[in-house]
Amino acid sequence: MTTPAAPPRTSATGTPHTRREGRAKVTGEARYTGDIPFAELAHGWLVTSTVARGRIRSVDTDTVLAMPGVLAVLHPGNALRLTPGAGLMGPDANLQLLQDDRVPHVGWPVALVVAETQEQARAGADALVITYDEESYDTAFRADHPGLRPTAPSPLAMPDVDQGDPDAELAASAVVVDREYTTPEEFHNAMEPHAAMARWENGRLEVVDSNQGSYAVAQVLAALFSLDADTVRVRSEHVGGGFGSKGLRLPHTVLAVMATTILHRPVRVVLTRRQMFSLVGHRPATAQRVRLGADADGRLRVVEHETASPTSTVHEFAEQSTRHSRTLYAADAFRLRTRVVPLDVPTPGFMRAPGWAPGSFAVESAMDELAAEVGVDPIALRLRNEPETGPVSGLPFSSRNLVACLEEGARRFGWADRDPRPGVRRDGRWLLGTGVAASAHSAGVGASTAAITAEADGTYTVRVTAADIGTGARTALGQIAADALEVSPESVRIRIADSDFGLAWLAGGSMGTASWAWAINEAAVALRKKLADLPGDMADLPPEGVTAHADTTELLAAREQRESHGYGAQFAEVAVDPASGEVRVRRMLGIFAVGRVVNPLTARNQFIGGMTWGLSMALHEEGVRDDASGGLANGDLAGYHVAANADVPLIEADWIDEHDTYNPSGIKGLGEIGIVGGAAAVANAVWHATGVRHRHLPISLERVLSGGRR
Ligand code: MOS
Numbered sequence: 000m001t002t003p004a005a006p007p008r009t010s011a012t013g014t015p016h017t018r019r020e021g022r023a024k025v026t027g028e029a030r031y032t033g034d035i036p037f038a039e040l041a042h043g044w045l046v047t048s049t050v051a052r053g054r055i056r057s058v059d060t061d062t063v064l065a066m067p068g069v070l071a072v073l074h075p076g077n078a079l080r081l082t083p084g085a086g087l088m089g090p091d092a093n094l095q096l097l098q099d100d101r102v103p104h105v106g107w108p109v110a111l112v113v114a115e116t117q118e119q120a121r122a123g124a125d126a127l128v129i130t131y132d133e134e135s136y137d138t139a140f141r142a143d144h145p146g147l148r149p150t151a152p153s154p155l156a157m158p159d160v161d162q163g164d165p166d167a168e169l170a171a172s173a174v175v176v177d178r179e180y181t182t183p184e185e186f187h188n189a190m191e192p193h194a195a196m197a198r199w200e201n202g203r204l205e206v207v208d209s210n211q212g213s214y215a216v217a218q219v220l221a222a223l224f225s226l227d228a229d230t231v232r233v234r235s236e237h238v239g240g241g242f243g244s245k246g247l248r249l250p251h252t253v254l255a256v257m258a259t260t261i262l263h264r265p266v267r268v269v270l271t272r273r274q275m276f277s278l279v280g281h282r283p284a285t286a287q288r289v290r291l292g293a294d295a296d297g298r299l300r301v302v303e304h305e306t307a308s309p310t311s312t313v314h315e316f317a318e319q320s321t322r323h324s325r326t327l328y329a330a331d332a333f334r335l336r337t338r339v340v341p342l343d344v345p346t347p348g349f350m351r352a353p354g355w356a357p358g359s360f361a362v363e364s365a366m367d368e369l370a371a372e373v374g375v376d377p378i379a380l381r382l383r384n385e386p387e388t389g390p391v392s393g394l395p396f397s398s399r400n401l402v403a404c405l406e407e408g409a410r411r412f413g414w415a416d417r418d419p420r421p422g423v424r425r426d427g428r429w430l431l432g433t434g435v436a437a438s439a440h441s442a443g444v445g446a447s448t449a450a451i452t453a454e455a456d457g458t459y460t461v462r463v464t465a466a467d468i469g470t471g472a473r474t475a476l477g478q479i480a481a482d483a484l485e486v487s488p489e490s491v492r493i494r495i496a497d498s499d500f501g502l503a504w505l506a507g508g509s510m511g512t513a514s515w516a517w518a519i520n521e522a523a524v525a526l527r528k529k530l531a532d533l534p535g536d537m538a539d540l541p542p543e544g545v546t547a548h549a550d551t552t553e554l555l556a557a558r559e560q561r562e563s564h565g566y567g568a569q570f571a572e573v574a575v576d577p578a579s580g581e582v583r584v585r586r587m588l589g590i591f592a593v594g595r596v597v598n599p600l601t602a603r604n605q606f607i608g609g610m611t612w613g614l615s616m617a618l619h620e621e622g623v624r625d626d627a628s629g630g631l632a633n634g635d636l637a638g639y640h641v642a643a644n645a646d647v648p649l650i651e652a653d654w655i656d657e658h659d660t661y662n663p664s665g666i667k668g669l670g671e672i673g674i675v676g677g678a679a680a681v682a683n684a685v686w687h688a689t690g691v692r693h694r695h696l697p698i699s700l701e702r703v704l705s706g707g708r709r
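So that you can map any letter, position 354 of the sequence shown is 353 in numbering that gives the first Met the number 0, and since no number is skipped, the others follow by simple counting.
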C-alpha cells in the first residue's frame, strides 16, 4: 500500500524537542504513584528496626490493632511466605521481607502497619512496640578491615586482572605515584519518594509503581509471590528520578503486594525520605589504592587499582571502581582488585554511574598527581597514554574520541594559558585554580522488544516497556520512531512503562534509550515491510490497525565483542578561601563523545545534571555513619547536603559528533557519564588553587582547613 505522501526524510533526531509530557508535568495533570486516587485504597506505613543487629523478640500488635482505622499489622509472625531466589540481577535476599526475625541493620523493615488513611497508618507505626535481642555489631568500614575478601563471581563483578608483570614494570618505572583515596557513603535522593500501589483486579495483580523498569519489576514480583508472569502487570507512567535506586530494591512494592493479597483491597506504600536512606541501595564508601608507574615522560608502564567497599550481611554488592582503569589508559601491566567486607549496614546498590564515579575520582586524581610529578601538562599526559585497543580487553573500540574531547574542551575552556604552578593565583581572599579529568561510561545495550501499530487515521502507536525517569525518554523515543517511520514526531504516539508491553531493558546503566531505540528501529522496518505488502492506503487499515513486533535478543547475542564506551573531558575552575575553607566552583565545562545525540535539549539537561552531581560529590555529599547506633547520623535532607542552586555556577556541556553503529541506532547512552570525572576535575582544581591534594571526599571546610586530612 502507499503510506500518506511521505514527508521529506525527517530528521527529528539531533534537533531539540521539548518534553511530550512537559505540559502535564508543569500543570500538575501528570500524576505520580503517590498522587493517584484509587477506590477503597488502604495505606501501609513501614516500621524499620532501630537496632543494628539482633533478633526480633516480640511485636506488640494488640495496642496498634485497636487504634482508629488500623486494618492490619504485618510482621514476621504473620507475613506471607515468599519464594527465595528472586531478584533483579540474581537472587537478592533484600526482597525476602518479614520472613524471619533476624535484623541485619538499622532501618531494616520489621513490620507494615496498614490503615484506612496514611495518617492512621503512620500513627500505628509510631505506636508499635517491638522488642529486640540485640547483638554486637560492626558498621565501621576501613581500608584495612580484616574481613575484606574478594568478591563473589557474578555477571556484574569486574574480575580481578593480572596482566603483564606489574612488579617488574614498577621496578623499571622512573616515577611511581602510590596513593590512597576514599569516597564516603552517598545517597541517590530522587525527588519523588519510592511508592507503590498494589491491588488484585479480575484475577491479575496490578501494581502502579515508581520504578526504572516495569517489566523487570513484574518479573521479580511474579517470582517472589510464585505467580504466572502473565498474572502480574506493573505500570510506572511518571517517575520523579531514579539514579539507580528504583528497581533493584523494592521493599514498598513487595509489602504493598503482600498487604493487598491478605486484605483484599488496594494498598499503597510510600517510603519516607529517611527510609530512602536505608532501603533502596546507596553508593557504598570506597577505599581505593592507585599505583601508577611511569617513564620520566609520563608514559605508563603499570596501572594498579585496588578498590574496597562494604556490603551488608544480607546480599553482596561491591562498588566496581576498577571499571574506569580498565578502559582509560594504555599500560604494559595491570593489577586490578575488587574487595568487599560484609558489615551490619544496609545493602548498597547502583547509584549514579556505579563504579565509574568513585573509580574516576581515584584514577583521574592520580593522573593529575603523576602529571605534576613528571612535569607534563595533565592533558598532554592523557594524550600520551591513549590506547590503540581496549587496554585490558584487547578488543577494538567501537569508537573512541577521548582525545577529541580533551582537545575541544581545552580550546573552549582556555587551557592553553594555564600556569601549571599550584597555589599562585589570587582574587582577593580567594585562591584560584583549574583542573581537568577524563570521563567514560560503558555503552551497553540490553535485549528489548517493541511494537508499532499503524492506525487507520494515519498515526502510529509505539509500545515499549521503557521508563521515563525524568530524562525525556518518551520524547527521544518519539524522535527515533518518527525517523524510523519517516513521519513527523507529531504523528507518533509513545506508550511506555507497562509490563504488558513485554521485555525491555531498564532505564539504567545508561542503556535505556540505546536498547529501546534498537528495538523500535527493528519494529519500524518490519512494519513498513508489512504495510508495503498491503493494498490500499492507511485509511483502509482495519480498526485495530496493523502491528509489527521486534525483539533484539538474537541480534544482540550475534554481535561481535567490542570495547564500547562513551568518553568525555571535564574541566573545572574553583576558588578556595584558605581562611574559611570554603570552596566555590566558578565554572565547569564538559565535552562528551557519546555516539548519536537524539535530543540536544534533554541530553544537555542530563549532562548538566550529572556534572552537578560531580560537583556535589566533590564538595558536599557524605553519609555519616554513627558507630554508637549503627545508623546514619544525617539520613535526611537537613543533614545530607545535595548541591543546591547556590552551589552551582555556570555549567556548560557539549559534545562532539561521533558516528558509531555498533548499536545500529548509533546511540551510546549518556545518562550517567556527566558525573564521571567531575569530582576529580574539582579536586584537581583545588590542588591547583592551593597546592594541597585532597584524596578524601568530600572536600569539606574542615578538610580544607586541615590540609586534606582523612
Ligand atoms: Mo543507573 S545507577 O544504572 O540507574
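Just so you know, even glycine gets a beta-carbon here, dropped at the ideal spot from N, CA and C.
As the crow flies, the alpha-carbon of Ala455 is around 7 Å from that of Pro541. Fewer than three beta-carbon pairs drawn from the segment 551-564 and the segment 675-694 are found closer than 8 Å, and the two stretches are therefore not classed as touching. Note on Val102: 16 or more other CB atoms within 10 angstroms of its CB, so buried under the neighbour-count rule.
If you draw a straight line from the Cα of Gly212 to the Cα of Gly21, it comes to about 21 Å. Rounded to the nearest angstrom, the Cβ distance from Val681 to Gly613 is 7 Å, consistent with a contact under 8 Å. With contacts defined by Cβ atoms closer than 8 Å, Val128 and Trp44 do not form a contacting pair.
Rounded to the nearest angstrom, the gap between the Cα atoms of Pro395 and Thr388 is 5 Å.
The Cβ atoms of Ala409 and His548 do not sit closer than 8 Å to each other. For Ala602, the number of other beta carbons within 10 angstroms of its own is at least 16, and it is reported as buried. One Cα belongs to Ala516, the other to Pro663, and the distance between them is close to 9 Å.
Val703 places its beta carbon less than 8 Å from that of Val582. Three or more beta-carbon pairs separated by less than 8 Å are not found between the segment 50-61 and the segment 190-203, which leaves the two stretches without contact.
If you check the CB distance, Arg624 and Glu184 come in under 8 Å. Taken from the Cβ of Pro357, every heavy atom of the ligand MOS lies 7 Å or farther away. Look at the segment 441-519 and you find these whole runs of alpha helix (DSSP H), each 4 residues long or longer: 472-484. Remark: C-beta atoms of Arg282 and Glu305 do not approach each other more closely than 8 Å. The three-state secondary structure of His564, taken from DSSP, is strand. Ranked by Cα distance from Asp659, the first of Glu671, Tyr566, Glu621 is Tyr566. Shown here for Ala194: same chain residues with a beta carbon closer than 6 Å to its own, the five before and five after excluded, namely Thr32, Gly33, Ser209, Val269 in chain order. In this structure, Ala41 is the residue among Ala642, Glu134, Ala41, Ala513 with its C-alpha nearest to the C-alpha of Val72. Rounded to whole angstroms, the gap between the alpha carbons of Ala568 and Ala85 is 40 Å. For Arg52, the three-state secondary structure derived from DSSP is coil. By the criterion of a C-beta distance shorter than 6 Å, Pro108 is surrounded in its chain by Leu45, Thr47, Leu96, Pro250, once the five residues flanking it on both sides are discounted.
C-alpha of Phe242 to C-alpha of Val253: approximately 20 Å in a straight line. Pro309 and Ala496 have their C-alpha atoms spaced approximately 33 Å apart. Taken through DSSP and simplified to helix, strand or coil, Pro149 comes out as strand. Classified as buried, Lys245 has 16 or more neighbouring CB atoms from the shown chains inside 10 Å of its CB. If you compare the alpha carbons of Met587, Ala78, Glu701 with that of Ile674, the shortest gap goes to Met587.
Apart from sequence neighbours up to five positions away, the residues of its chain that approach Val373 with a beta-carbon distance below 6 Å are Val174, Gly297, ordered along the chain.
The segment 548-558 makes no contact with the segment 473-487, as fewer than three CB pairs between them are under 8 Å. In this structure the segment 338-358 does not touch the segment 380-387; the number of beta carbon pairs closer than 8 Å is below three. By the Cβ rule, the segment 123-141 does not count as touching the segment 151-162, because fewer than three pairs are nearer than 8 Å. The DSSP-derived three-state label of Gly21 is helix.
Taking a contact as a CB-CB distance under 8 Å, the pair Gly358 and Arg322 counts as one, their CB atoms being some 6 Å apart.
The C-beta separation of Ala114 from Gly68 comes to about 4 Å, placing the pair in contact by the 8 Å criterion. For Arg603, the three-state secondary structure derived from DSSP is helix.
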